[in-house]
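K.L.:
Before we start, here is the structure in question, set down as C-alpha cells.
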Amino acid sequence: MNPTPPVPTPPAASATASAAGLLPAALAPWAAELSALSRGLAVGLGPLVLGVDALVGAEQPRTAERGEPDGYGGLRRRGRPEQLRPAEWLLAEEWPEEFVRRHLEGELLYTAPEFRLPPATGRVVALVDAGPRAAGPARLVQLAALIVLHRRAAARGSALAVRVLGAPAEEELSGELSELLPRWRKARSLVEPDGAAVARARAALEAPDEAWLLTTPALAGRLSPAPPRTLTAEPAGWSPSGARSVRLTLGTSVSELPIPESGLAVRTLRGGEFRRRAEQVPQTVPGARLPVFTGLAPTLLGRGRGPEQLVAVRVRPDGNGQSGRPRTHGFGLPVLAAARIGRRLMALVDGSSELRLMLVGSPPAEPFPTSIDRAPFGLDPARLNALLSAPVLPLLWQDGTLALPLAGRWWSIAEDGAVRDDGPAGEGTDGGPAGFRWAREPRLYEGGSSAAADPGAPHRLYARDAVAWSHDGLEWQLAAPGRHVLRAIVPADSEAIGLVRQGDGLALVTCSTAGVLVRSVRTDGSRTLSQLSGGTVPPSVHPALPLVAAEPRPGQVVVGDAFTGLVRMTLGSST
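Here it is as C-alpha cells:
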C-alpha cells in the first residue's frame with residue numbers, strides 16, 4: 004500500500020467570513036456542492052471532502068498516460084529533448100558542465116504533455132452499504148464521497164445515482180444534492196449486505212455506468228476480488244467523545260482523515276445539518292394539473308383549478324439558465340385545445356352553442372376564425388366532461404387554417420369558420436389518460452418525419468425528422484435521415500409513448516402498464532428515469548425536443564431530459 008500524503012485541514016474562517024457565511028479559501032471551489040449543507044457542516048466536513056477527492060483523483064485520473072495529445076499540464080524531471088524547458092537550454096550554453104551534472108542527477112525540468120481520455124458517456128453510480136457496520140463514521144465518509152462523486156458526474160455532463168445495497172433493483176436515488184442527500188440519509192438497513200447484494204446491484208447497472216462501491220473493510224474483504232473503485236472506511240483514531248478520524252482505502256491508496264466533532268456528526272446523521280438551496284424551492288402556482296406539450300414550442304401547458312384556466316410556463320430545453328415563470332390565464336369559458344404559436348397563446352374554448360378561438364398576445368397577420376359551429380364535433384355532455392377532465396388537446400395553426408384532433412377525428416377550420424373532416428385521429432382525443440399519446444400523430448411534426456416507416460406497421464411514433472414503428476409493440480425499428488435503421492426492444496410490461504432525438508441519438512420513451520415507471524429505451528439498452536416515474540397518469544413527451552413532463556407525486560410537476568432523466572424544472576401545485 005502506498006499511503007497518500009495527508010490533506011491539510013482548511014484554515015479556520017475569520018470572524019468577517021463567518022459573519023458573512025463564506026467558506027474558507029480551501030473550500031471555495033466546492034461552494035456549489037456544499038451549499039446543500041449548513042455552513043458548520045460544510046467547514047467540518049471539508050477535510051474529508053478534500054481527502055476523498057484526492058483519493059478519487061489518484062485512483063481515476065482525468066488525464067491518460069498516452070493517447071490523443073491534449074497540450075501540456077506541468078513539469079517533470081524526465082522527458083524528450085524537445086520537451087526541455089528553454090531555461091535549461093540557456094544553462095547548456097552558459098554552463099555546460101552544470102547542465103551535464105543536472106542531467107546525470109535528474110534535476111533538469113521538462114514540460115509534461117497530457118493526453119485526452121476517451122469521453123465518458125454513462126452515469127456515476129454509488130453503491131452504498133447502509134448496514135449496521137457502516138453506521139457512524141463510515142456514513143460521514145459516504146456523505147463526503149457522494150459530494151465528490153456528484154461533482155465528478157457534473158464535470159462529465161452526466162448524473163449521480165445512488166443504489167442502496169439490498170434495496171429493490173428499481174429503487175434508485177438521484178437528483179440535486181439538496182434532494183439526494185436527505186433521501187440517502189434515511190436509507191438504513193438492519194441487515195448486513197453480502198456479496199450477492201453487491202452482485203445484484205452491479206448487474207442492474209447499464210454498460211457505460213461508472214460504479215463506486217462505498218462500504219466497510221468487512222464487506223470488501225468478503226469480495227474476491229473486490230470490484231474496482233471500492234472505497235472502504237473504518238474508525239482509526241479515538242478521543243473521549245468518540246471517533247476523531249477514519250482510515251480510507253481506495254485501490255492501493257490509504258489515507259487517515261479527520262471527521263467532524265461528535266456533536267456535529269450526530270446532528271448530521273440525524274438530518275439536522277442539511278438544507279435546501281433557495282433556487283431549488285419549487286415555484287408554486289394555484290393549480291397546474293395534467294401538464295402536456297401541445298406543439299413545437301418549448302411551452303408546458305397545464306389545466307388550472309377550473310376548466311376555464313390554463314397554466315403556461317416556458318421550459319429551457321438545455322437546462323441552462325432560468326425557465327420562465329408560470330402564468331395562469333383565465334378564458335372565461337372551458338378550454339378544449341391550446342398551444343403557444345409564435346409569441347401568442349391560442350386557445351379553443353367551448354361556448355354555449357359555438358366554439359371560439361381566443362388569443363393571449365398580438366393577433367396573427369392572417370384572418371382567423373373567431374366563431375365556429377359546434378355541431379360537427381358531436382360534443383355531447385358526456386364527451387365534453389371527458390375532454391375537460393383530460394389534458395388540453397393540441398392546436399395547429401398554418402396559413403390562416405386551424406387544425407386539431409377532437410372527438411376522434413382531425414378537423415380543419417378555415418378563416419370563415421367552415422369545418423372540414425380530415426379523417427381519424429389517434430388515441431387521446433376523446434379524453435382520458437390516453438390524451439398523453441399524441442406522439443402517435445405525425446401532423447404535430449410539421450408534416451411528419453422525412454424518414455420512411457413500414458406502412459403496414461400498426462404502431463408508430465414520430466419525432467422531428469425521425470420515425471419509429473413496430474408490428475407487436477415490443478420490437479421497434481427507429482429511422483432518421485442519413486442513418487441506418489436501428490432496433491430497440493421495449494420491455495414486455497411497458498408501452499412506448501414517445502420518440503425523442505438528440506443529435507444523432509434516438510430513444511423511445513416508455514411507460515410501464517403496472518404503475519408509472521418511465522424508461523428511456525435505446526438500441527444499446529434502457530435507463531429508468533426514476534425522477535420522472537410515479538404518480539397516477541403517464542407523462543407527456545415533447546413532439547420535437549428531448550423533454551418529458553410528469554407528475555411523479557401529488558403537488559409536484561417536473562420536466563426532465565428524456566435521455567438522462569435529469570430534472571430541468573420543478574413546479575409545485577396545490578392539487
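Going from the sequence shown to our numbering is simple: count from 1 and add 3.
The C-beta atom is built at its ideal place from N, Cα and C for all residues, glycine as well.
Since the model is a prediction, treat every value here as computed from it, not as a measurement.
1. Rounding to the nearest angstrom, what Cα-Cα distance links Gly-579 and Ala-147 in this structure?
2. Mind checking Ser-244: buried by the 16 CB within 10 Å criterion, or exposed?
3. Taking DSSP as the reference, what is the three-state secondary structure of Val-488?
4. For Pro-196, which residues from the same chain have a beta carbon less than 7 Å from its beta carbon, with the 5 sequence-adjacent residues on both sides left out?
5. Pull up the distance between the alpha-carbon of Ala-29 and that of Ala-57, whole angstroms please.
6. Is there a C-beta anywhere in chain B that falls below 9 Å from the one on Ala-164?
7. Roughly how far, in whole angstroms, is the beta-carbon of Val-512 from the beta-carbon of Val-551, given that I think they are within contact range, below 8 Å?
8. Taking Trp-413 as the reference, which of Leu-362, Leu-208, Arg-525, Pro-379 has the closest Cα?
9. Report the residue from Val-493, Asp-457, Glu-498, Ser-497 whose alpha carbon sits nearest the alpha carbon of Ala-482.
10. By alpha-carbon positions, which one of Val-493, Ser-415, Gly-563 ends up nearest to Gly-426?
11. Would you call Glu-97 buried or exposed, if buried means 16 or more other Cβ atoms sit within 10 Å of its Cβ?
12. So, Leu-390 versus Ala-342, is the Cβ gap smaller than 9 Å?
13. Name the one or two DSSP bridge partners that Val-395 has.
14. Can you tell me which of the three DSSP states Arg-522 falls into?
15. Among Thr-297, Leu-293, Val-316, whose alpha-carbon lies nearest the alpha-carbon of Arg-306?
16. May I have the straight-line CA-CA distance separating Leu-208 from Gly-528, to the nearest angstrom?
17. Confirm, please, whether the CB-CB distance from Thr-526 to Arg-579 is below 9 Å.
18. What is the DSSP secondary structure of Pro-285, reduced to helix, strand or coil?
19. Determine the contact status of Leu-348 and Pro-397, defining contact as a CB-CB distance below 9 Å.
20. Determine the burial state of Met-309: buried for a count of at least 16 other Cβ atoms within 10 Å of its Cβ, exposed for fewer.
21. Check whether the Cβ atoms of Thr-233 and Leu-216 sit closer than 9 Å, and answer yes or no.
22. Classify Arg-504 as buried or exposed, calling it buried when 16 or more other Cβ atoms lie within 10 Å of its own Cβ.
23. Give me the Cα-Cα distance between Ala-495 and Leu-351, rounded to the nearest whole angstrom.
24. In the DSSP assignment, what are the bridge partners of Asp-353?
P.N.:
Taking the geometry as given:
1. Any answer about residue 579 is impossible in this case: the structure gives the chain only from 4 up to 578.
2. Exposed, because fewer than 16 other Cβ atoms sit within 10 Å of the Cβ of Ser-244.
3. Of the three classes helix, strand and coil, the one that applies to Val-488 here is coil, per DSSP.
4. Short of 7 Å from the beta carbon of Pro-196, and not among the five residues preceding or following it, lie these beta carbons of its own chain, in chain order: Asp-132, Gly-134, Leu-168, Gly-169, Leu-222.
5. Within the model, the alpha-carbon separation for Ala-29 versus Ala-57 is close to 13 Å.
6. The chain labelled as chain B is not found in the depicted structure, where only one protein chain is given.
7. The Cβ separation is near 6 Å, so the contact holds.
8. For Trp-413, the nearest C-alpha among the options comes from Pro-379.
9. When the alpha-carbon of Ala-482 is set against those of Val-493, Asp-457, Glu-498, Ser-497, the nearest one is in Asp-457.
10. Looking at the Cα atoms, Ser-415 is the closest of the given residues.
11. By the 10 Å Cβ count, Glu-97 comes out exposed.
12. Result no, Cβ atoms of Leu-390 and Ala-342 do not sit closer than 9 Å.
13. The secondary-structure analysis by DSSP pairs Val-395 with nothing; it has no beta-bridge partner.
14. Three-state result, Arg-522: strand.
15. The shortest Cα separation from Arg-306 among Thr-297, Leu-293, Val-316 belongs to Leu-293.
16. Taking the straight line joining both Cα atoms gives about 10 Å.
17. Nothing in the structure corresponds to residue 579, since the chain is present only between 4 and 578.
18. Caution applies to Pro-285, whose pLDDT of 43 falls short of 50 and renders its modelled position unreliable; the value that the coordinates give is listed next. Pro-285 falls in the coil class under three-state DSSP.
19. For Leu-348 and Pro-397, no; Cβs fall outside 9 Å.
20. Contrary to the premise, residue 309 reads as Gly rather than Met in this sequence. So Gly-309 counts as exposed.
21. Their beta carbons are under 9 Å apart, which means Thr-233 touches Leu-216 by this criterion.
22. Classification for Arg-504: buried.
23. When the Cα atoms are used, Ala-495 and Leu-351 turn out to be separated by approximately 38 Å.
24. Asp-353 is bridged to Leu-358.
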